[in-house]
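K.L.:
In the numbering used here, the protein residues as written are 1 to 263.
Idealized CB from N, CA, C, for every residue including glycine.
On a predicted model such as this, the values are computed, not experimentally measured, just so you know.
Before I ask anything, let me first share the structure, which is written out below as structure tokens.
Next up, the structure:
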């Protein structure tokens, strides 16, 4: 992204953005929790055309052991873009500099809310896979990881919600699409704690004035409340659904178990 104004038109003749949204409007978001059978916690986030799945494993034994801490759990995050998620170069198979950077950024954001002191000498592994990319994947990844951690029962001080604000053709816009991300003037992913609105993550690509930064944070915080509601609704649906219970098999004294015969 360049801080210079792009020659690519990002606004329609009626003043709206290319996808018809207003400047302060989010793309459609769908969140589902507990989507993976073998993970301790998981979530699927469909954000616009982005599709992101997150799985959490742990707390579990920290391997290799020299990585463990005697005082807290080690929170490890792996952000990965599937080779088929995008035609761009960063969608190639295997780890990349970008995926390593985002893995570190996401892990550090959650270190502010996860109560890792409850599980010393263990590891909490968060795996995030981008199945389809269309701009704003790190915010969708943070959102999915937060739901997956809560679904896994990991104790957290607060919930984390993420959204991006950027500058396109001289004005601030919410939740940048791929075209706005590539050809806009600035992109600012941010994450907030749900209770007090504390900024847990703020990144800037491009240039903004001090007044624009302040206005962008206010716009992002307001939108993060909408994302938070969707996160909490997804978790509530998991606990509202009836779960199958296993009834122990009762055998009379001396009775042997006989498997049911097919009809």
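What residues in its chain sit with their C-beta under 6 Å from that of residue 54, if we drop five residues either side in the sequence?
P.N.:
43, 128, 144, 145, 148
K.L.:
What residue range is occupied by the uninterrupted alpha helix (DSSP H) comprising residue 75?
P.N.:
It is not in any alpha helix (DSSP H) - residue 75 instead sits in the beta strand (DSSP E) that spans 74 to 81.
K.L.:
Quick one: give me the first and last residue of the alpha helix (DSSP H) that residue 152 is part of.
P.N.:
Premise fails: residue 152 is in no alpha helix (DSSP H) and is neither H nor E.
K.L.:
Which residue marks the beginning of the beta strand (DSSP E) containing residue 132, and which one marks its end?
P.N.:
122 to 132
K.L.:
Please confirm if the stretch 93 to 113 is in contact with the stretch 195 to 204, defined as three or more CB-CB distances below 8 Å between the two stretches.
P.N.:
yes
K.L.:
Nearest to residue 132 by alpha carbon, out of 138, 51, 194?
P.N.:
Looking at the Cα atoms, 51 is the closest of the given residues.
K.L.:
Indicate whether the contact test is met: 3 or more Cβ pairs, each with one atom in the stretch 16 to 29 and one in the stretch 162 to 178, closer than 8 Å.
P.N.:
yes
K.L.:
Can you tell me the Cα-Cα spacing of residue 68 and residue 57, whole angstroms?
P.N.:
Near 15 Å, if we compare the C-alpha coordinates of residue 57 and residue 68.
K.L.:
Within a Cβ cutoff of 7 Å, which residues of the same chain sit near residue 158, ignoring the five residues on either side of it in sequence?
P.N.:
113, 193, 194, 195
K.L.:
In terms of residue numbering, what span does the alpha helix (DSSP H) encompassing residue 239 cover?
P.N.:
210 to 240
K.L.:
Within a Cβ cutoff of 6 Å, which residues of the same chain sit near residue 224, ignoring the five residues on either side of it in sequence?
P.N.:
161, 163, 192
K.L.:
Between residue 79 and residue 103, how many whole angstroms is the CB-CB distance? I'm expecting something under 8 Å.
P.N.:
4 Å
K.L.:
Just list the residues that DSSP pairs residue 187 with in beta bridges.
P.N.:
166, 205
K.L.:
Apart from the five residues on each side of it in sequence, which residues of its chain come closer than 6 Å, Cβ to Cβ, to residue 204?
P.N.:
188
K.L.:
Would you mind reading off the limits of the beta strand (DSSP E) that contains residue 109?
P.N.:
It is not in any beta strand (DSSP E) - residue 109 instead sits in the alpha helix (DSSP H) that spans 97 to 110.
K.L.:
How far does the beta strand (DSSP E) with residue 61 in it reach, from first residue to last?
P.N.:
50 to 61
K.L.:
Residue range of the beta strand (DSSP E) that residue 197 falls in?
P.N.:
Here residue 197 belongs to no beta strand (DSSP E), and DSSP marks it neither H nor E.
K.L.:
Pull up the distance between the alpha-carbon of residue 84 and that of residue 135, whole angstroms please.
P.N.:
15 Å
K.L.:
Quick check on residue 43: does DSSP put it in helix, strand or coil?
P.N.:
strand
K.L.:
State the CB to CB distance for the pair residue 34 and residue 238, rounded to an integer number of angstroms; the pair is presumed to be in contact (CB under 8 Å).
P.N.:
5 Å
K.L.:
So what's residue 270 in DSSP terms, helix, strand or just coil?
P.N.:
For the chain, the structure presents residues 1 to 263; residue 270 sits outside this window and is missing.
K.L.:
What do you reckon, are the CB atoms on residue 15 and residue 152 nearer than 7 Å?
P.N.:
no
K.L.:
According to DSSP, is residue 138 part of a helix, a strand, or is it coil?
P.N.:
helix
K.L.:
Can you tell me the Cα-Cα spacing of residue 71 and residue 59, whole angstroms?
P.N.:
Their Cα atoms are separated by approximately 14 Å.
K.L.:
In angstroms with no decimal places, state the Cα-to-Cα distance between residue 36 and residue 101.
P.N.:
26 Å
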